[in-house]
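Q:
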Amino acid sequence: MTYKNIIKNKNIILGVTGSIAAYKSIFLASLLVKEGANVQVIMSQSSKEFVGESSFSGMTHNSVITGYYGEKTNLNIDHIELAKKADIIVIAPATANTIAKLALGISDSPIIGSVLATSAPILIAPAMDGEMYKSKQVTENITKLLDDKTFFTGPAKGRLASGINEKGRMSEPEEILDKIKYIFSKKNDYKNVKSIVTAGGTREAIDPVRFITNKSSGKMGIAIAEALRDRGSNVTMIHSNLYKNHKIEGIDYVKIQTAEEMKTEIFNKIEDSDLIIMAAAVADFRVKTINRNKLKKDQITNLYLEKNPDILKSINKSNIVKVGFAAESENLLENAKEKFISKNCNIMVGNDITEENSGFGSDQNKAIIIEKNNVEKLPLMEKTTLAHIILDKAKNYLS
Ligand code: CTP
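The opening position of the sequence shown corresponds to residue 1 in my numbering, with each subsequent residue numbered one higher.
1) Relative to the alpha-carbon of N344, which residue among L332, E355, V321, E356 has its alpha-carbon at the smallest distance?
2) Going by other Cβ atoms of all chains shown within 10 Å of its Cβ, with 16 needed for buried, is Y182 buried or exposed?
3) Please return the same chain residues whose Cβ sits closer than 6 Å to the Cβ of G158, not counting the five positions on each side in sequence.
4) How far does the beta strand (DSSP E) with R229 in it extend, from its first residue to its last?
5) Would you mind reading off the limits of the beta strand (DSSP E) that contains S246?
6) Measuring alpha carbon to alpha carbon, tell me which of L242, N331, A387 ends up nearest I6.
7) Using the Cβ count rule (16 or more neighbours within 10 Å means buried), how would you classify F325?
8) Quickly, what does DSSP pair N165 with across the bridge? List them, please.
9) Taking the continuous beta strand (DSSP E) assigned at E328, which residues delimit it?
10) Thinking just about the alpha-carbon of each residue, which of A281, E140, I347, D129 is nearest to the one in N214?
11) Any heavy atom of the ligand CTP inside 7 Å of the beta-carbon of V41?
12) Starting from the C-beta of T384, find all residues in its chain whose C-beta is less than 6 Å away, skip the five residues before and the five after it, and write them out in chain order.
13) Under the criterion of a Cβ to heavy atom distance below 7 Å, does L398 qualify as lining the ligand CTP?
14) Hey, is T153's beta-carbon within less than 8 Å of any beta-carbon in chain C?
15) Would the C-beta of T264 count as close to the ligand CTP, meaning under 7 Å from any of its heavy atoms?
16) Touch check for the stretch 234–252 and the stretch 332–347: three-plus C-beta pairs under 8 Å?
17) In the DSSP assignment, find the unbroken alpha helix (DSSP H) run with Q137 in it and report its ends.
18) According to DSSP, what are the bridge partners of T236?
19) Hey, T150 and K179 are a contact pair by Cβ (cut 8 Å); roughly how many whole angstroms apart?
20) Out of curiosity, what's the CA-to-CA distance linking E433 and K297?
21) Assign Y23 to buried or exposed, taking buried as 16 or more other Cβ atoms, counted over all protein chains shown, within 10 Å of its Cβ.
22) As a quick exercise: from S25, S19, T60, pick the residue whose alpha carbon is nearest that of T98.
23) Is it the case that the Cβ atoms of I368 and L378 are separated by a distance below 8 Å?
24) In three-state DSSP terms, what is T202?
25) Going by DSSP, what residue range makes up the alpha helix (DSSP H) through D392?
26) Reducing DSSP to helix, strand and coil, say where A283 ends up.
27) Take G105 and list the residues in its own chain whose beta-carbon comes closer than 7 Å to its own, dropping the five residues that flank it on each side.
28) Tell me whether the beta-carbon of D87 lies closer than 8 Å to the beta-carbon of A120.
29) Less than 7 Å between the CB of M278 and some heavy atom of the ligand CTP, yes or no?
30) State the start and end residues of the unbroken beta strand (DSSP E) segment that holds A94.
31) Quick one: complete alpha helix (DSSP H) runs, 4+ long, within the stretch 109–133?
32) From E330 to I277, what does the alpha carbon distance come to, in whole angstroms?
33) Less than 8 Å separating the beta-carbons of I12 and V90?
34) Hey, how far is the Cα of G200 from the Cα of V349?
35) Name the one or two DSSP bridge partners that D352 has.
36) So is F340 buried or exposed if we call it buried at 16+ other beta carbons inside 10 Å?
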């Protein structure tokens, strides 16, 4: 059975309170709906000064609760009924006032009322002025609220409504979505599995300015690391430059540049790991002598290259599951099968880089999955979906 997206069909209450950051929560609602969640928005009275109810109802296809006496559910006690059904309550943005009321349990709005009436986890995304955030009162309230069921995300440092550059900005919607997934990820089939994922194209320097690399964006590796995290694995991602810098909660990142550095970091971890998925595009060659100073173009007539180690091939620990990738432009099946054998992998994922909308830099991939007694040809799909299919198969080799 293919693992479903962790957000799909979850009942999420999104509490929106009165901050200028409320506009970002419309985008958050959209992200959650796109991932298949059932989103119920509760707005505080003051949030309506910043955003309109209909933006949220339009986005979520659910009517918005704005007070205690709306009578939208059969029970006519909306917040209680919803709180019981909720898988998580997210308060974004959460003002200093809301945080204070949460800390004291002052349930003068359905947002606080639903928090008090639920057994689901709570995620709070504060948004306020930097000095307010640093104040003794807010600090004490946050400390009081933190427990194994109550989580915070942000605030981030950035330009605030007041014009100053301070810590008080609400986390970006993608980061909040990621934290929600992290909260849901605690219990799954990769729990107790320690995994290494590699991602991105390594860089081999020519001089301080120039380097040799390849077209890898790191998207496949990121999708796999995130899927592993969602399924409860303890994940280390060893990566070069990636297409995005935003770090995913619950993943340890180790940044490297060269193939040699990647190999060193992998071997530092490998003894303690159960699974390695090599999605990185490791540069096969490096420049023999790296110039300390920037070379003038007329000085470069030839580049002398030497071979980098084949990292995947050199991993021969007995109790580790090895998954490799083969990016090919011709004879996909034959070449990927050859790599499956020569690199002694449990699984080799092959893809044809000449396929339209697939492979390097794309969000999608059309892959074949090679195992000892099986070859499966998959249709074009999102890399995030492919990541879960790979994990469904890799799981069978874990002891
Ligand atoms: N790989 C590796 N070390 C290298 C080169 C590749 O560990 N020096 C890994 C990649 O991360 C990938 C798999 O081996 O999981 C296949 O990589 P690929 O670049 O497709 O194959 P190569 O072995 O480099 O062969 P070629 O470039 O000749 O196709």
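C-beta: ideal position from N, C-alpha, C; glycine also.
Treat the numbers as computed from the prediction; the structure is a model and nothing was measured.
A: In short:
1) Translated into positions along the sequence shown, residue 344 becomes position 344. N344 has its Cα closest to that of V321, out of L332, E355, V321, E356.
2) Translated into positions along the sequence shown, residue 182 becomes position 182. By the neighbour-count rule (16 or more Cβ atoms within 10 Å), Y182 is buried.
3) For the purposes of this step, residue 158 is taken as the residue at position 158 of the sequence shown. Cβ within range, chain order: R169.
4) Taking the sequence shown and counting its residues from 1, the one referred to as residue 229 is at position 229. Per DSSP, R229 belongs to no beta strand (DSSP E); it is in the alpha helix (DSSP H), 219–230.
5) By one-based count along the sequence shown, residue 246 stands at place 246. Per the sequence shown, residue 246 should be read as His rather than Ser. Where H246 is concerned, there is no enclosing beta strand (DSSP E), given that its DSSP letter is neither H nor E.
6) Taking the first residue of the sequence shown as 1, we reach residue 6 at position 6. For the residues L242, N331, A387, the minimum Cα distance to I6 belongs to A387.
7) Start at 1 with the first residue of the sequence shown, and residue 325 comes out as number 325. Answer is buried; the Cβ neighbour count reaches 16.
8) For the purposes of this step, residue 165 is identified with residue 165 of the sequence shown, where counting begins at 1. Under DSSP, the beta-bridge partners assigned to N165 are R159.
9) Residue 328 sits at position 328 when you count from the first residue of the sequence shown. Looking at the DSSP string, the run of the beta strand (DSSP E) that includes E328 is 321–328.
10) The residue labelled residue 214 in the question sits at position 214 within the sequence shown. Measuring from the Cα of N214, the nearest candidate turns out to be A281.
11) As a position in the sequence shown, residue 41 is number 41, starting the count at 1. Not so, every heavy atom of the ligand CTP lies at least 7 Å from the Cβ.
12) Translated into the one-based positions of the sequence shown, residue 384 becomes position 384. Same-chain partners within the cutoff: A223.
13) As a position in the sequence shown, residue 398 is number 398, starting the count at 1. Not one heavy atom of the ligand CTP falls within 7 Å of the beta-carbon of L398.
14) Protein chains in the displayed structure number just one, and chain C is not present.
15) Stepping through the sequence shown from its first residue, residue 264 is reached at position 264. Checking every heavy atom of the ligand CTP against the Cβ of T264, none is found closer than 7 Å.
16) no
17) In the sequence shown, the residue the question calls residue 137 occupies position 137. Start and end: 136–145.
18) Taking the first residue of the sequence shown as position 1, residue 236 is located at position 236. For T236, which the question treats as bridged, DSSP gives the partners I196, D252.
19) What you label residue 150 is simply residue 150 of the sequence shown in a count that begins at 1. What you label residue 179 is simply residue 179 of the sequence shown in a count that begins at 1. Not quite, the Cβ-Cβ distance comes to about 12 Å (not below 8 Å), so this is no contact.
20) With the chain covering 1 to 399 only, the question about residue 433 has no answer from this structure.
21) Here residue 23 is taken as the residue at index 23 of the sequence shown, counted from 1. Label assigned to Y23: exposed.
22) Taking the sequence shown and counting its residues from 1, one reaches residue 98 at position 98. Considering only alpha carbons, the answer is S19.
23) Position 368 of the sequence shown, counted from the start, is the residue given in the question as residue 368. Position 378 of the sequence shown, counted from the start, is the residue given in the question as residue 378. Going by C-beta atoms, I368 is nearer than 8 Å to L378.
24) Against the sequence shown, residue 202 aligns to sequence position 202. Three-state result, T202: coil.
25) As a first step, residue 392 is located in the sequence shown; it is residue number 392 there, counting from the start. First-last of the alpha helix (DSSP H) with D392: 383–394.
26) To locate residue 283, count along the sequence shown from 1; it is residue 283. Here A283 sits in coil by DSSP.
27) The residue you call residue 105 lines up with position 105 of the sequence shown. Around G105: L116.
28) Translated into positions along the sequence shown, residue 87 becomes position 87. Translated into positions along the sequence shown, residue 120 becomes position 120. Taking the C-beta atoms as reference points, A120 is found nearer than 8 Å to D87.
29) As a position in the sequence shown, residue 278 is number 278, starting the count at 1. Flag set: Cβ of M278 near the ligand CTP.
30) Stepping through the sequence shown from its first residue, residue 94 is reached at position 94. It spans 88–94 - the beta strand (DSSP E) in which A94 sits, taken as one unbroken run.
31) 110–116
32) For the purposes of this step, residue 330 is taken as the residue at position 330 of the sequence shown. For the purposes of this step, residue 277 is taken as the residue at position 277 of the sequence shown. Rounded to the nearest angstrom, the two C-alpha atoms are 23 Å apart.
33) The sequence position of residue 12 within the sequence shown is 12, counting from 1. The sequence position of residue 90 within the sequence shown is 90, counting from 1. Yes; because the gap between Cβ atoms is below 8 Å, this pair is in contact.
34) Taking the sequence shown and counting its residues from 1, the one referred to as residue 200 is at position 200. Taking the sequence shown and counting its residues from 1, the one referred to as residue 349 is at position 349. In a straight line, the C-alpha of G200 is about 16 Å away from that of V349.
35) Residue numbering aside, residue 352 sits at position 352 when the sequence shown is read from its first letter. Answer by DSSP bridge pairing, in chain order: E328.
36) Taking the first residue of the sequence shown as position 1, residue 340 is located at position 340. F340 is buried by the Cβ-count criterion.
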